[in-house]
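Each remark here refers to the structure printed beneath this line.
Number of protein chains: 2
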Amino acid sequence: MSVTIKKIAKDLDLAVSTVSKALRDSHEISAETKARVFEHAAKLDYIPNPYASSLKKGRSGNIAVVLPEVADSFFSAAINGIDSVAHEKGYHTMVYLTHEDIQREQSIVREFRNGRVDGVLMSIVANNAKYEHLRELCASDVPLVFFDRVCEDIPTASVITNDFESGYIAAQHLIEKGCKYIVFLSMPGELAIIKHRQNGYQQALQDHGMEPRIIYCTDREEENIAVIDKLLTGEHKPDGIIGSIEKITIPVYTVCHSRNIPIPSAIKIIAFSHLQIAALLNPPLTTIAQPAFEMGKAAATILFKTLAKKYDLKEEKIVIPSVLMMRASTHTD
Amino acid sequence: MSVTIKKIAKDLDLAVSTVSKALRDSHEISAETKARVFEHAAKLDYIPNPYASSLKKGRSGNIAVVLPEVADSFFSAAINGIDSVAHEKGYHTMVYLTHEDIQREQSIVREFRNGRVDGVLMSIVANNAKYEHLRELCASDVPLVFFDRVCEDIPTASVITNDFESGYIAAQHLIEKGCKYIVFLSMPGELAIIKHRQNGYQQALQDHGMEPRIIYCTDREEENIAVIDKLLTGEHKPDGIIGSIEKITIPVYTVCHSRNIPIPSAIKIIAFSHLQIAALLNPPLTTIAQPAFEMGKAAATILFKTLAKKYDLKEEKIVIPSVLMMRASTHTD
DNA sequence: TGTTGATACGAAAACGGTTTCGTAAATAAC
DNA sequence: GTTATTTACGAAACCGTTTTCGTATCAACA
Numbered sequence: 001m002s003v004t005i006k007k008i009a010k011d012l013d014l015a016v017s018t019v020s021k022a023l024r025d026s027h028e029i030s031a032e033t034k035a036r037v038f039e040h041a042a043k044l045d046y047i048p049n050p051y052a053s054s055l056k057k058g059r060s061g062n063i064a065v066v067l068p069e070v071a072d073s074f075f076s077a078a079i080n081g082i083d084s085v086a087h088e089k090g091y092h093t094m095v096y097l098t099h100e101d102i103q104r105e106q107s108i109v110r111e112f113r114n115g116r117v118d119g120v121l122m123s124i125v126a127n128n129a130k131y132e133h134l135r136e137l138c139a140s141d142v143p144l145v146f147f148d149r150v151c152e153d154i155p156t157a158s159v160i161t162n163d164f165e166s167g168y169i170a171a172q173h174l175i176e177k178g179c180k181y182i183v184f185l186s187m188p189g190e191l192a193i194i195k196h197r198q199n200g201y202q203q204a205l206q207d208h209g210m211e212p213r214i215i216y217c218t219d220r221e222e223e224n225i226a227v228i229d230k231l232l233t234g235e236h237k238p239d240g241i242i243g244s245i246e247k248i249t250i251p252v253y254t255v256c257h258s259r260n261i262p263i264p265s266a267i268k269i270i271a272f273s274h275l276q277i278a279a280l281l282n283p284p285l286t287t288i289a290q291p292a293f294e295m296g297k298a299a300a301t302i303l304f305k306t307l308a309k310k311y312d313l314k315e316e317k318i319v320i321p322s323v324l325m326m327r328a329s330t331h332t333d
Numbered sequence: 334m335s336v337t338i339k340k341i342a343k344d345l346d347l348a349v350s351t352v353s354k355a356l357r358d359s360h361e362i363s364a365e366t367k368a369r370v371f372e373h374a375a376k377l378d379y380i381p382n383p384y385a386s387s388l389k390k391g392r393s394g395n396i397a398v399v400l401p402e403v404a405d406s407f408f409s410a411a412i413n414g415i416d417s418v419a420h421e422k423g424y425h426t427m428v429y430l431t432h433e434d435i436q437r438e439q440s441i442v443r444e445f446r447n448g449r450v451d452g453v454l455m456s457i458v459a460n461n462a463k464y465e466h467l468r469e470l471c472a473s474d475v476p477l478v479f480f481d482r483v484c485e486d487i488p489t490a491s492v493i494t495n496d497f498e499s500g501y502i503a504a505q506h507l508i509e510k511g512c513k514y515i516v517f518l519s520m521p522g523e524l525a526i527i528k529h530r531q532n533g534y535q536q537a538l539q540d541h542g543m544e545p546r547i548i549y550c551t552d553r554e555e556e557n558i559a560v561i562d563k564l565l566t567g568e569h570k571p572d573g574i575i576g577s578i579e580k581i582t583i584p585v586y587t588v589c590h591s592r593n594i595p596i597p598s599a600i601k602i603i604a605f606s607h608l609q610i611a612a613l614l615n616p617p618l619t620t621i622a623q624p625a626f627e628m629g630k631a632a633a634t635i636l637f638k639t640l641a642k643k644y645d646l647k648e649e650k651i652v653i654p655s656v657l658m659m660r661a662s663t664h665t666d
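As C-alpha cells, then:
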C-alpha cells in the first residue's frame, strides 16, 4: 500500500496531527520537528492522498472544461489557454466532450454538483434552448464561467469575442471586395454567438441596401456538402459566402473544387476560424480569427479569482476582439 | 450543504449502512426499503460524494491522458477515441499537457502515484531519454498504456501504428513518383516512432540504392522555416520530402509558397498527418494518415480491461496500420 | 510563589461514504 | 419443540487527511 501520514507518524514516533501540521508548515510545529518530518516524507516518497484531503477540505483541486468537440482548432487552443493557468495554480483539468448532444451535456453537468470539480468552464452545445441543468449548477454554488459559446440566460461570468462586430466586418469586407450577393452559412439552434454574427452580417447588408440570405447547415458533413452544392450550382448563385463556424470551411472548399468554381473570382469566401493552416489552403482562406488561447486563459483566470476569494462572478463580461486575417479567398492582388 | 446519505437515513429512520446498501442495490435490503430509499434520494436529488467513496474504495473513477499537445489533429482525435470509451464506462477523463517538456511530464506523472487516477494513457515527450518517472509509475501499480509515442524501455501495453512500414511506404511512394533525392525531416530526441519511420525510410532508400539524408527540426516554427528554406534554396536541392510529424507541414508549404517552388513538379511532399483539411491545401497534401481515433479507443479499451480484472498489461501490443492518402503533392494526373 | 502566556505537541472528532460483523425475527428442517 | 438457516437491518470500524481543542512544559512576570 501507499505511504500515509500514519506511517510517517509511527516511524517518527509522532502523532498524525503533528505530521499533518508539519507538512503544511504550521507555526505550531518546531523547526526541528518539521525538518525531521520533511526529511522522512521525502525519503519514503510520501504523496498525500487527494481524496482524503478533498473530502475533509471540501475542495477537489480540479476544474472541468466542457466543450462540444476537441477536434476544432478554436477549442484545442482554448484548452491550451485554460491549462496554462490551471497548471500554474496547481489545479487539474478534467475535459468533457458533449459532441453537441444536449442530453450528454445535461448528464455531465448534473454530476458536477457533488464537488468532483471546484469550478466549470464551458462552451455550450448548439441546437437547444434548455438551460435547467445550468441553472441548477449555478444554484449549487459551483462557479461557472462561459467562454465563446455562452448561455445568455444564465447570470454568470463569460468571455466572448466581438461577434456582432465581426459579422459586420466580415460582410463589409466582402462588400468592399465587390460582392453583390452574400450568403451567411449559419447553424440551427439558439447559439448566441451565431445569432450575433448573423445580426452583424444582416446589419452590414442592410446598411448597404443589400438583401441578406441565411442558410442553415448541420453537423453532418455530407448534408452540408449537398446543401452547399445546391446553393453554388443553382440559379441565383452567391458571389460571397460567410461561414459562421470553422467546420463549414471544408464542405465549401470541397464543393468549389469539385465544381470548378474559382475562388475568389467567382465567389469570395470568409470563415470564422482559428486554423493556422488557413494560409496554406487553395486559395488561402480569409478568416475572422478568434483569440482562442487568450479567451481560454481569461476564462480560467476569472474562475480562479472566484475560487480564491468570494468574488462575484455575475459582473464579469470580458470581450476579446477577433482579428480579420485577409487572404486570397476574398482578395486578389 | 449538499445532501448526504446521513440525511436520507435520518429522514427515513434507517441506518446509514442500510441506505448505502440500498443505493448500491444490495441483496441484503428488501425491495420495499430499496424503493423508499431510491424515491427519497431522487426527491432530494442526492448525488454521492465521489471523494468519500474513492477514499474508501481506493478507486477514483478517473483516468489520465497525458499528451505533448492538444492542438494537433492526431492527439485531438485520439482524445475523442479515449473519451468515447471512458464515457461509456462511466469514467472521467483528466487531460494533462506536457508541451514537450520532460520536467513537466515528470511532475505530472509523479502525482499519479497517489490514486488521483486509476490508470494512465500516455504519449511521451520527445527530446529525452529519462524514463525513471515512468518506471516508478509502473512500479506503483497504476496501469499505464502508451499510444503512438511509446517508451519501449518500459514493459507495459501499447498501441502504435506500423511506423517502420509507413516510413518505407512513404519513401517508396516518392521513389515511384520519380524522386531521386529524398530528405527525411526528423525530430531530435529518442522518440521510437520517429526512429522507426526514419528506419523505414532508410531501408527503402537503401533497397533502391539511394542515399538517405536526415534533417532535424525543432518545435520552434521560425527555426524550422529557416532550416527548410536553406535546404530548398541551397545547392543540391531535394526533389522529395517526408515530414515525420504533422507540425512540419506548415513550414514546408510556407517555404515552397514564398520561394515559388512548384509542388509536385519541382518537389514532392508527403507528411505523417491526420489533418482532414490536407485535401484542401495548395496543392492537396499526400499524407500517411494514422488511425488516431481507433488508437485512442484501443488504448482506452486495454486500460479498462486491466482495470476490470487483473489483466496483464505487459503482453499487449496493438498495431493499427496507417493509410497512405495519395494526393496532388506527390502526384500529377 | 502563583499567574500568565507562549510553545509544541497529542487525542479525537470530523468529512461521507463502504464494509464487516452482529443480531433479531421469521422461516425451514429435523 | 429444538436447532439451523435465511432475511433484513443496525452498529461501528475504517479510508487518510484536516482541524479543533486540550495539555504538559517552560519561561516570564508581578
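Chains as they are written, first to last, in this note's numbering: chain B, 1 to 333; chain G, 334 to 666. Virtual Cβ for every residue (Gly too), placed ideally from N, Cα, C.
Let me confirm a value: Val418(G) is counted as buried when at least 16 other C-beta atoms fall within 10 Å, else exposed. Which label applies? Along the second sequence, one-based indexing puts residue 418(G) at 85. So Val418(G) ends up on the buried side.
Mind pulling the alpha helix (DSSP H) runs of 4 or more residues that sit fully within the region 449–520 of chain G? 465–472, 496–509
Listed in chain order, which residues of the region 31–42 of chain B have Cβ atoms closer than 7 Å to some Cβ of chain G? none
Whole beta strand (DSSP E) runs in the region 76–113 of chain B with 3 or more residues, listed along the chain? 92–97
Taking three-plus beta-carbon pairs below 8 Å as touching, is the region 310–320 of chain B in contact with the region 260–275 of chain B? no
Taking Cβ positions, are Asn62(B) and Ile380(G) nearer each other than 7 Å? Walking along the first sequence from the start, residue 62(B) turns up at place 62. Walking along the second sequence from the start, residue 380(G) turns up at place 47. Result no, Cβ atoms of Asn62(B) and Ile380(G) do not sit closer than 7 Å.
Look at the Cβ atom of Cys550(G), then the Cβ atom of Ile581(G), and state whether they are nearer than 7 Å. Counting from 1 along the second sequence, the entry for residue 550(G) is found at position 217. Counting from 1 along the second sequence, the entry for residue 581(G) is found at position 248. Cβ atoms of Cys550(G) and Ile581(G): closer than 7 Å.
Three-state class that DSSP yields for Lys317(B) in the structure shown: Walking along the first sequence from the start, residue 317(B) turns up at place 317. The answer is strand: DSSP assigns Lys317(B) an E or B state.
In chain order, what residues of the region 84–109 of chain B put their CB closer than 7 Å to some CB of chain G? His92, Thr93, Met94, Val95, Leu97
Find the residues of chain G that neighbour Arg113(B), judging by a C-beta separation of less than 9 Å, and give them in chain order. Numbered from its first residue, the first sequence carries residue 113(B) at position 113. Neighbours of Arg113(B) in chain G, taken as residues at a C-beta separation under 9 Å, are given in chain order as Ser335, Asp378, Ile380.
Is any beta-carbon of chain G found at less than 7 Å from that of Asn127(B)? In the first sequence, residue 127(B) corresponds to position 127, counting from 1. Answer no: the Cβ-Cβ gap between Asn127(B) and chain G never drops below 7 Å.
Cβ distance (whole Å) where Gly240(B) is taken to contact Ile169(B) below 8 Å: Walking along the first sequence from the start, residue 240(B) turns up at place 240. Walking along the first sequence from the start, residue 169(B) turns up at place 169. About 13 Å; that fails the 8 Å criterion.
Contacts that Ile610(G) makes with chain B (C-beta to C-beta distance below 8 Å): Reading the second sequence from its first residue, position 277 is the one you call residue 610(G). Simply Thr249, Ile250, Leu275, Ile277, Leu281.
In angstroms with no decimal places, state the Cα-to-Cα distance between Glu361(G) and Leu14(B). Along the second sequence, one-based indexing puts residue 361(G) at 28. Along the first sequence, one-based indexing puts residue 14(B) at 14. So the alpha carbons of these two residues sit roughly 42 Å apart.
At 4 residues or longer, and completely inside the region 567–641 of chain G: list those alpha helix (DSSP H) runs for me, N to C. 582–591, 625–641
Which residues does DSSP list as the beta-bridge partners of Ala64(B)? Residue numbering aside, residue 64(B) sits at position 64 when the first sequence is read from its first letter. For Ala64(B), which the question treats as bridged, DSSP gives the partners Met94(B), Val120(B).
Any residues in the region 221–235 of chain B with a beta carbon nearer than 9 Å to a beta carbon of chain G? Which ones, in chain order? Of all residues in the region 221–235 of chain B, none has a Cβ within less than 9 Å of some Cβ in chain G.
If you check the beta carbons only, do Gly500(G) and Gly533(G) fall under 7 Å apart? In the second sequence, residue 500(G) corresponds to position 167, counting from 1. In the second sequence, residue 533(G) corresponds to position 200, counting from 1. Yes, these two residues count as a Cβ contact at 7 Å.
With burial defined as no fewer than 16 other Cβ atoms inside 10 Å of the residue's Cβ, what is the status of His529(G): buried or exposed? If you number the second sequence from 1, residue 529(G) lands on position 196. Counting Cβ neighbours within 10 Å, His529(G) comes out buried, since at least 16 surround it.
Determine whether the beta carbon atoms of Thr301(B) and Thr330(B) lie at a separation below 7 Å. Taking the first sequence and counting its residues from 1, one reaches residue 301(B) at position 301. Taking the first sequence and counting its residues from 1, one reaches residue 330(B) at position 330. It is not a contact, given that the beta carbons lie outside the stated cut-off.
Would you tell me roughly how many angstroms separate the C-alpha atoms of Ala298(B) and Val159(B), rounded to the nearest one? Taking the first sequence and counting its residues from 1, the one referred to as residue 298(B) is at position 298. Taking the first sequence and counting its residues from 1, the one referred to as residue 159(B) is at position 159. C-alpha separation (whole angstroms): 7 Å.
Assign Tyr743(G) to one of three DSSP states: helix, strand, or coil. The question about residue 743(G) has no answer, for chain G in this structure spans 334 to 666.
Beta-carbon proximity check, Phe407(G) vs Ala625(G), cutoff 7 Å: Translated into the one-based positions of the second sequence, residue 407(G) becomes position 74. Translated into the one-based positions of the second sequence, residue 625(G) becomes position 292. Cβ distance < 7 Å, so Phe407(G) and Ala625(G) count as in contact.
How would you call Val323(B), buried or exposed, if buried means at least 16 neighbouring beta carbons within 10 angstroms? Locating residue 323(B) in the first sequence gives position 323, counting from the first residue. So Val323(B) counts as exposed.
Is it true that the CB of Thr306(B) sits closer than 7 Å to the CB of Pro143(B)? For the purposes of this step, residue 143(B) is taken as the residue at position 143 of the first sequence. For the purposes of this step, residue 306(B) is taken as the residue at position 306 of the first sequence. It is a contact, given that the beta carbons lie within the stated cut-off.
What's the gap between the Cα of Ile415(G) and the Cα of Met295(B)? Position 82 of the second sequence, counted from the first residue, corresponds to residue 415(G). Position 295 of the first sequence, counted from the first residue, corresponds to residue 295(B). Roughly 26 Å between the two C-alpha positions.
Starting from Ile5(B), trace the alpha helix (DSSP H) in both directions and tell me its first and last residue. Stepping through the first sequence from its first residue, residue 5(B) is reached at position 5. Its alpha helix (DSSP H) spans residues 5–12.
Pull up the distance between the alpha-carbon of Arg392(G) and that of Val450(G), whole angstroms please. Position 59 of the second sequence, counted from the first residue, corresponds to residue 392(G). Position 117 of the second sequence, counted from the first residue, corresponds to residue 450(G). So the two alpha carbons sit approximately 8 Å from each other.
In this structure, does DSSP put Ile362(G) in helix, strand or coil? Taking the second sequence and counting its residues from 1, one reaches residue 362(G) at position 29. Coil.
Glu100(B) versus Pro321(B), Ile225(B), Asp219(B), Glu176(B), residue with shortest Cα-Cα distance: Stepping through the first sequence from its first residue, residue 100(B) is reached at position 100. When only C-alpha atoms are compared, the closest one is Asp219(B).
Using the DSSP secondary-structure output, state which residues sit across from Ile547(G) in a beta bridge. As a working mapping, residue 547(G) is identified with position 214 in the second sequence. Ile547(G) pairs with Phe517(G).
So what does DSSP say about Val323(B), is it helix, strand or coil? On the first sequence, position 323 is the one that residue 323(B) refers to. Here Val323(B) sits in strand by DSSP.
Work out the CA separation of Ile435(G) and Phe445(G) for me, nearest whole Å. By one-based count along the second sequence, residue 445(G) stands at place 112. By one-based count along the second sequence, residue 435(G) stands at place 102. Near 16 Å, if we compare the C-alpha coordinates of Ile435(G) and Phe445(G).
Close-in-space but distant-in-sequence residues of the same chain around Ile228(B) (CB under 7 Å, 5 per side omitted): Taking the first sequence and counting its residues from 1, one reaches residue 228(B) at position 228. Contacts found: Pro251, Val252, Val255.
Test: Ile288(B) CB closer than 7 Å to a CB of chain G: As a working note, residue 288(B) is residue 288 in the first sequence. Chain G contact via Cβ: absent.
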